[in-house]
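K.L.:
In the working numbering, the protein residues as written are 181 to 402. Don't be surprised by glycine CBs; every beta carbon is placed ideally from N, CA and C.
1. Below 8 Å, how does it come out for the region 295-304 and the region 341-361: are there three or more Cβ pairs, yes or no?
2. To the nearest angstrom, how far is the alpha carbon of residue 328 from that of residue 342?
3. Write down the C-beta distance between residue 284 and residue 385 rounded to the nearest angstrom, noting that I regard them as a contact closer than 8 Å.
4. Taking the alpha carbon of residue 362 as the reference point, which residue from 219, 382, 233 and 345 has its own alpha carbon closest?
5. What whole-angstrom Cβ distance do residue 334 and residue 318 have, given they're in contact under 8 Å?
6. In its own chain, which residues sit with a C-beta less than 8 Å from the C-beta of residue 314, not counting the 5 before and 5 after it?
7. Kindly indicate which three-state DSSP category residue 315 falls into: helix, strand or coil?
8. Using the three-state DSSP reduction, which class does residue 337 fall into: helix, strand or coil?
9. May I ask you to report which of helix, strand or coil DSSP gives residue 378?
10. Express the C-alpha separation of residue 366 and residue 394 in angstroms, rounding to a whole number.
11. Give me the Cβ distance between residue 222 and residue 241, rounded to the nearest whole Å; I'm assuming they're in contact under 8 Å.
12. Since I believe residue 356 is in contact with residue 392 (beta carbons under 8 Å), could you give me their beta-carbon distance rounded to a whole number of angstroms?
13. Could you pull the DSSP bridge partners for residue 237 from this structure?
14. Pick helix, strand or coil for residue 303, following the three-state DSSP scheme.
15. Taking the beta carbon of residue 380 as the centre, do at least 16 other beta carbons fall within 10 Å, making it buried, or is it exposed?
16. Roughly how many angstroms separate the alpha carbons of residue 387 and residue 289, rounded to a whole number?
17. So, using beta-carbon positions, are residue 324 and residue 339 closer together than 8 Å?
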């Protein structure tokens, strides 16, 4: 898990986007309408009937302006149906607004997100699609110190099991909503510490599913 030299209260969460279907076609279009001159390099991967295939590796050519991946829009076309790619969140470059930092992990599929919760009255709003802080729109999670709420129309369920083993199941009853605070930790009255529970939260947001696990409420300095 990535660690940063931040103050004592640093909420760390582990996030992965759940791929719900396989893509069987190569990327056929890359569209850009940003008013800048950029050249992309595209290296196609091998497509099978699996859901974890690397369809392509995309990068900026040397000499161009390296835009933030959050400003790039790519789509995959499969049998005349277009699917938007979540490139905005899938960047290996650390993204930070000063209080929220997200980093793509080495497996290329999961993120570690660190949220500074030191300011008592400060409310952090976070979007799972872009792995970035937002302000009033597209809110997946709202964090105020230990109080964490789902965004409007976002639902979730806590599932027992290891993070890598937990998967989305159509039979799951999503019983958590923005109406109540997430139950994500246990308070240790002996050591006076906040200890995250081991459950994995499956979150449904705008028709997509994410897995989330709370890792720690403290940084390396405690």
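P.N.:
Let me spell this out:
1. no
2. Counted from its first residue, the chain shown places residue 328 at position 148. Counted from its first residue, the chain shown places residue 342 at position 162. Near 22 Å, if we compare the C-alpha coordinates of residue 342 and residue 328.
3. As a working note, residue 284 is residue 104 in the chain shown. As a working note, residue 385 is residue 205 in the chain shown. Actually they do not touch by this definition, with Cβ atoms about 19 Å apart.
4. Taking the first residue of the chain shown as 1, we reach residue 362 at position 182. Closest option to residue 362, Cα to Cα, is 382.
5. What you label residue 334 is simply residue 154 of the chain shown in a count that begins at 1. What you label residue 318 is simply residue 138 of the chain shown in a count that begins at 1. Actually they are not in contact, since the Cβ atoms of residue 334 and residue 318 sit about 10 Å apart, beyond 8 Å.
6. For this step, residue 314 is matched to residue 134 along the chain shown. Same-chain partners within the cutoff: 305, 306 and 307.
7. Here residue 315 corresponds to residue number 135 of the chain shown, with the count starting at 1. Coil, per DSSP.
8. Here the question's residue 337 lines up with position 157 in the chain shown. Of the three classes helix, strand and coil, the one that applies to residue 337 here is strand, per DSSP.
9. Counting from one through the chain shown, the residue named residue 378 turns up at place 198. Note: residue 378 maps to coil in three-state DSSP.
10. Position 214 of the chain shown, counting from 1, holds the residue named residue 394. Position 186 of the chain shown, counting from 1, holds the residue named residue 366. If you take the alpha carbons of residue 394 and residue 366, they lie about 12 Å apart.
11. Here residue 222 refers to the residue found at position 42 when the chain shown is read from its first residue. Here residue 241 refers to the residue found at position 61 when the chain shown is read from its first residue. Going by Cβ atoms, the distance from residue 222 to residue 241 rounds to 10 Å, so no, they are not a contact pair.
12. Numbered from its first residue, the chain shown carries residue 392 at position 212. Numbered from its first residue, the chain shown carries residue 356 at position 176. Contact doesn't hold; Cβ gap of about 11 Å is too wide.
13. One-based indexing of the chain shown puts residue 237 at position 57. Partner(s): 223.
14. To locate residue 303, count along the chain shown from 1; it is residue 123. Coil, per DSSP.
15. The count along the chain shown starts at 1 and reaches residue 380 at position 200. Burial call: buried.
16. For the purposes of this step, residue 387 is identified with residue 207 of the chain shown, where counting begins at 1. For the purposes of this step, residue 289 is identified with residue 109 of the chain shown, where counting begins at 1. A direct Cα-to-Cα measurement between residue 387 and residue 289 gives close to 19 Å.
17. On the chain shown, position 144 is the one that residue 324 refers to. On the chain shown, position 159 is the one that residue 339 refers to. Result no, Cβ atoms of residue 324 and residue 339 do not sit closer than 8 Å.
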